[in-house]
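>
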Amino acid sequence: MRHEREPLELFTEGFRRYGDLVRFRMGPRPFYMVCHPDLIRRFLAENAVNYPRESGLPGPLLGNGLFESEGEYWRRQRRLIQPAFHRERLRGLVADMARSIQRMLDGWDARAGQPFDMAEEMGRLSIRLVGRAVYSGEPDDALCHALRRLAWLVNNPRHWLVQEVTRRLAINTARRQEFLAHLGRLDALAADVIARRRAGGPEDDAMSVLVAAKDRDTGEGMTDKELRDEFMNLFAAGHEATGTALTWAWYLLAEHPEVAERLASESAAVLGGRAPTAEDLPRLRYATQVFEETLRLYPPAWRVTRVAVGADKLGGHDVAPGTVVSAISYVVHRHPAFWESPETFDPDRFAPERAQGRHKFSYLPFGAGQHICVGNNLALLKGTLALAMAAQRFRAAVAPGWKVAIQPGIVLQPRGGLPMTVSPRS
Ligand code: HEM
Numbered sequence: 240m241r242h243e244r245e246p247l248e249l250f251t252e253g254f255r256r257y258g259d260l261v262r263f264r265m266g267p268r269p270f271y272m273v274c275h276p277d278l279i280r281r282f283l284a285e286n287a288v289n290y291p292r293e294s295g296l297p298g299p300l301l302g303n304g305l306f307e308s309e310g311e312y313w314r315r316q317r318r319l320i321q322p323a324f325h326r327e328r329l330r331g332l333v334a335d336m337a338r339s340i341q342r343m344l345d346g347w348d349a350r351a352g353q354p355f356d357m358a359e360e361m362g363r364l365s366i367r368l369v370g371r372a373v374y375s376g377e378p379d380d381a382l383c384h385a386l387r388r389l390a391w392l393v394n395n396p397r398h399w400l401v402q403e404v405t406r407r408l409a410i411n412t413a414r415r416q417e418f419l420a421h422l423g424r425l426d427a428l429a430a431d432v433i434a435r436r437r438a439g440g441p442e443d444d445a446m447s448v449l450v451a452a453k454d455r456d457t458g459e460g461m462t463d464k465e466l467r468d469e470f471m472n473l474f475a476a477g478h479e480a481t482g483t484a485l486t487w488a489w490y491l492l493a494e495h496p497e498v499a500e501r502l503a504s505e506s507a508a509v510l511g512g513r514a515p516t517a518e519d520l521p522r523l524r525y526a527t528q529v530f531e532e533t534l535r536l537y538p539p540a541w542r543v544t545r546v547a548v549g550a551d552k553l554g555g556h557d558v559a560p561g562t563v564v565s566a567i568s569y570v571v572h573r574h575p576a577f578w579e580s581p582e583t584f585d586p587d588r589f590a591p592e593r594a595q596g597r598h599k600f601s602y603l604p605f606g607a608g609q610h611i612c613v614g615n616n617l618a619l620l621k622g623t624l625a626l627a628m629a630a631q632r633f634r635a636a637v638a639p640g641w642k643v644a645i646q647p648g649i650v651l652q653p654r655g656g657l658p659m660t661v662s663p664r665s
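Our numbering applies: residue 240 is where the sequence shown begins, and numbers increase by one.
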């Protein structure tokens, strides 16, 4: 089936041939790919109530957390969790995050010239930075390994399918045992963090906000099970996309040395070799733009999908109940009516004066509407800091002979990782 083998090619071709709304035959249900931002606004925002996310059984990893829930329960949880990720609160994390990034970069000095997998490196960095935001902790190597393996098992659709089947039939395969062992490690951490916060631990990370949060109608807080599920959603699911985006950023910078030089100049002018502070953030504008443009060309969450529960019309076409409706961000971000020279890597298109007036629903790296990514400010902060700090110290190049290809699993990753070499700037 082509949509499993090469979905990006299939969807891109469908858009070029048929335009803004394309019906595909795949599986038993009708499937619409929606590419026009007005139509995306319709199903993700204006009539979102008709297009919930597909409900499945709560899985063992994410449980009934924000990613998986819908309706009143989701609304309550979202209200309680959102304050933990306000931009002002995140500013307090800058110093700790900078320290984590600095430690990674110090390790690069000894690795100069030797290829290493940038996807693995960025994945681990992202885990450490999310750890700081979620529970004020820096995960050790064993925990990073567990999370990387879990992400790998979940991101690969074939493994995930096997996981689901073996779980439902309670078959104990080696992969399943591996999955459960990693999950057990994470569950132990979640239980420990929750117990400490209940006993009154630090007060400025996401878990302390969640433990203290009270429903405005009932006055009740979250149960331990609810806290555990949200911990998994934020910590386990929150790291993968940022790590992948940073990996693609390194690839694009290697391919566009002029952008890498400009990024390094900005860092030199603003930071002059020291670690960034929260006050520097507005002046690291080009680093943010590089990250935003990377998210346009390689949106890690490359599709946003819903299922219609009632009849509707999209662009004059009938949508029957049960229709799967998907905005393929990878295609929407290359829509020529909304993006000039869409294949060109041009961070300046995110300069405030050029971004002004852009259709809000033509740029969807964090989704749109009520489910828009709750961690988007954190992701932009991580991306900006990591790029600004790394660019002032290192250049990177794809390892000689390596062919970069895209693997669209749940997340849009480089197939087989991304071997790169780094060299210090003199
Ligand atoms: C570059 C990094 C990231 C990308 C590209 C990304 C992308 C997305 C997208 C597209 C959605 C919407 C899914 C939908 O509508 O079906 C989403 C939702 C979500 N994201 Fe992110 N995300 C990133 C980072 C993070 C981080 C750092 C966290 C938390 C620490 C996080 C937590 C969540 C949660 C909990 C949701 C569900 C929100 C809801 O349904 O209310 N994400 N993300």
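Glycine residues also receive a C-beta, built at the ideal position from the N, C-alpha and C atoms.
(1) By the three-class DSSP mapping on this structure, what secondary structure does K642 have?
(2) Comparing the CB of F254 with every heavy atom of the ligand HEM, is any distance shorter than 7 Å?
(3) Tell me the DSSP secondary structure of K464 in three-state form.
(4) Closer than 7 Å to a non-hydrogen atom of the ligand HEM - does that hold for the CB of P322?
(5) Answer yes or no: the CB of C383 versus the heavy atoms of the ligand HEM, is any distance below 7 Å?
(6) Specify, as a first and last residue, the run of the alpha helix (DSSP H) that H421 falls within.
(7) Within 10 angstroms of the Cβ of V288, are there 16 or more other Cβ atoms? Answer buried if so, exposed if not.
(8) Going by the CB atoms, is the gap between D348 and P663 shorter than 8 Å?
(9) Relative to the ligand HEM, is the shortest distance from any of its heavy atoms to the C-beta of A540 smaller than 7 Å?
(10) Do L300 and I320 have their beta-carbon atoms positioned less than 8 Å apart in this structure?
(11) When burial is assigned at 16 or more other CB atoms within 10 Å of the CB, is T533 buried or exposed?
(12) Evaluate the contact criterion for the segment 524–531 versus the segment 622–640: three or more CB pairs, one atom per stretch, below 8 Å.
(13) Are R424 and L364 touching if we call contact CB-CB under 8 Å?
(14) Spell out a yes or no on whether the segment 245–254 and the segment 495–508 are touching, meaning 3 or more CB-CB pairs, one atom from each, closer than 8 Å.
(15) May I ask you to check if the CB of K448 is nearer than 7 Å to at least one heavy atom of the ligand HEM?
(16) Closer than 7 Å to a non-hydrogen atom of the ligand HEM - does that hold for the CB of V661?
(17) Alpha carbon to alpha carbon, how far is N411 from H325? Give it in angstroms, no decimals.
(18) Going by beta carbon distance, what residues of the same chain come within less than 7 Å of R367, once the five residues before and after it are set aside?
(19) Thinking D444 and V546 are a contact (beta carbons under 8 Å), I'd like their distance in whole angstroms, please.
(20) With a cut-off of 8 Å on the beta carbons, I'd call Q341 and A514 a contact; round off their distance for me.
(21) Which value, in whole angstroms, describes the spacing of the CA atoms of A644 and R455?
(22) Compare the Cα-Cα distances from G584 to each of K453, Q416, N395, F530 and report the closest residue.
Let me spell this out:
(1) coil
(2) no
(3) helix
(4) no
(5) no
(6) 413–437
(7) exposed
(8) yes
(9) yes
(10) no
(11) buried
(12) yes
(13) no
(14) no
(15) The sequence as given places Val at residue 448; Lys does not occur at that position. No.
(16) no
(17) 42 Å
(18) S339, E377, P378
(19) Not a contact, Cβ separation roughly 35 Å.
(20) 6 Å
(21) 48 Å
(22) One detail in the question is off: residue 584 reads as Phe in this sequence, not Gly. Comparing Cα-Cα distances from F584 to each of K453, Q416, N395, F530, the minimum goes to F530.
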